[in-house]
Every structure is written in structure tokens, then in C-alpha cells.
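A short worksheet on the structure shown next.
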Amino acid sequence: MAILYILYQAVTFICFAFYAVIGGIALSMNPKAQENRIFSMVGFSLVFWVGAILMSTVSHDLKTALFWRRISAIGWGTLYSFLLHFFLVLCGEKRLLKKIWLYFIIYLPAVINIIVFCILGDIAENQFHLYMTEFGWTNIPEKSLWDTFFNIYYLSFSSAVIIVLLRWGFRKKGFRRKHALGILISYLTAIILGSVSEIFLSRFIYMRIPSLAQFFIAIPMISIFYE
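With positions in the sequence shown counted from 1, the corresponding number in my numbering is that position plus 8.
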């Protein structure tokens, strides 16, 4: 029990530090570049997510654990909006990015997530079902309207990112095409692993496993940062 607890907290802290570093580096390298600014927002949303999850799992009581779970929504509730915006910029979708309505579509779900899962007091707390496990306080999702809303947001925005990357890959040749393919494969890997752990294992098999998706997203983050 102690080994699993320590291992989970150690990996969580490493990911927290990694996301903070790459977010900071991206912004410091070229703070005027839109691509760098949005990538840093992706990194910082992950910092909120992972940092709050770490604080929640090690909390001494349920009330404190719930507080930090609500804070974590600032990260995972906005992440996929920042990711889609980033890939639209990275892949050169300039005509689409000129449409004002696009930003409404991208960021409205993120605002709703923060309001429902973080700000609205009892409503926010009712979205989480925390149990003390060998990993610390662990959220076991239950079917609800807002849980379904988030899953639709997560899956639809992830699908949009995949389409954008495919379009980018088809337009490029040589090294650029390999670059696009590498990012696409890494992103698909993270989404598949995250979906299996967050949706399939916890909802259909009812395994009391902690949140793992925040670890898997490191795969495309590394690919983007170094390629």
C-alpha cells in the first residue's frame, strides 16, 4: 500500500515539474509568438491539473480533498480548448483562426467546466465521488449530466485535433510530414490510454484506480516540444 502511494505521488510530482518547466521555457523562448504563448497555456493548465490532483490525493480529510479536486478543474476543464487552439495555430489554419465565432466555440465549454466543476459550491462538489484507496483520495466517476458533458467535450475536441493534424500532414512533405505523423501518433496514444483509464476501467469495470490521463498527455507534450 505504501509503495503504490509513494509511487503515484512521485510520478505526479515529476509530471507537475515537467509541465511547469516546458510551459515556462516555451514562453521565455519567444513570448511574442502566438504559438509559444498558447503552448505555455497548455503547460500551465496541466500544472493546475496535476498540482491540484497531487494536493487532493495527499489530503488528510475529505473536505480538503474535494477543495483541491475543484481547483483541478481549472486545468483539465480548459486543457482541450488550449490544445485545439494550439494545433490550429501550429498547423497554419489561418483562415479559420480569423473567424471570431471559432473562439466562442473553443472556449465556451472550458468556461462552463470551470463554473460547474470548480465555482458552483455544492454543485461542483457533487460532481466528485472520492474514496480513500491505496493511492490516496481517488475520484470514482459516476454517470451524470455534467460528467457526460465533459466526456463529449473531451472526445469531440480531441477528434478535432486529430482532424487538424491529419490535414496538416497531408499538406506537408518530407520531414514536415514525418513531424506531423509523430505528433499525431503521440496524441492518439495519449487519448487512447487516457480514455481506457478514465472512462472504460473506472466506469464500466469499476476499478478504483487514480486519475492517469494527466500522465499520458506528457507523450504528445514531449513530441511537440522536441520535434
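Note that the Cβ used here is the ideal one computed from N, Cα and C, for glycine as well.
What you are looking at is a predicted structure, and each value in this text was computed from that prediction instead of being measured.
With 16 as the cutoff for other CB atoms within 10 Å, does residue 109 come out buried or exposed? exposed
Complete alpha helix (DSSP H) runs within the segment 108-156 (minimum length 4 residues, chain order): You should have 108-122, 129-133.
Proximity below 7 Å, CB of residue 23 to CB of residue 82: no
Could you tell me how far apart the beta carbons of residue 217 and residue 198 are, in whole angstroms, since I believe they sit closer than 8 Å? With 8 Å as the limit, residue 217 and residue 198 do not qualify as a contact, their Cβ atoms being about 17 Å apart.
Taking residue 105 as part of the alpha helix (DSSP H), name the residues at either end of that continuous run. 102-105
Quick check on residue 164: buried or exposed, where buried means 16 or more other Cβ atoms within 10 Å of its Cβ? exposed
Please report the residue range of the alpha helix (DSSP H) in which residue 225 lies. No alpha helix (DSSP H) contains residue 225, which DSSP labels as neither H nor E.
Should residue 86 and residue 53 be called a contact, given that it needs their Cβ atoms to be closer than 7 Å? Yes, the Cβ-Cβ distance between residue 86 and residue 53 is below 7 Å.
For residue 57, I'd like the list of residues in its chain whose CB is within less than 7 Å of its CB, leaving aside the five on either flank, ordered along the chain. Residues of the same chain with a CB within less than 7 Å of the CB of residue 57, apart from the 5 flanking positions on each side, are 80, 83, 84, 87, 222 in chain order.
When DSSP labels each residue in this structure, what does residue 45 get in the three-state scheme? helix
Among the candidates 156, 41, 48, 12, whose CA atom is the shortest distance from the CA of residue 26? 48
Alpha carbon to alpha carbon, how far is residue 159 from residue 68? Give it in angstroms, no decimals. 29 Å
What's the C-alpha gap between residue 94 and residue 102? Straight-line Cα distance between these residues: approximately 12 Å.
From residue 174 to residue 38, what does the alpha carbon distance come to, in whole angstroms? Their backbone Cα atoms lie some 27 Å apart in a straight line.
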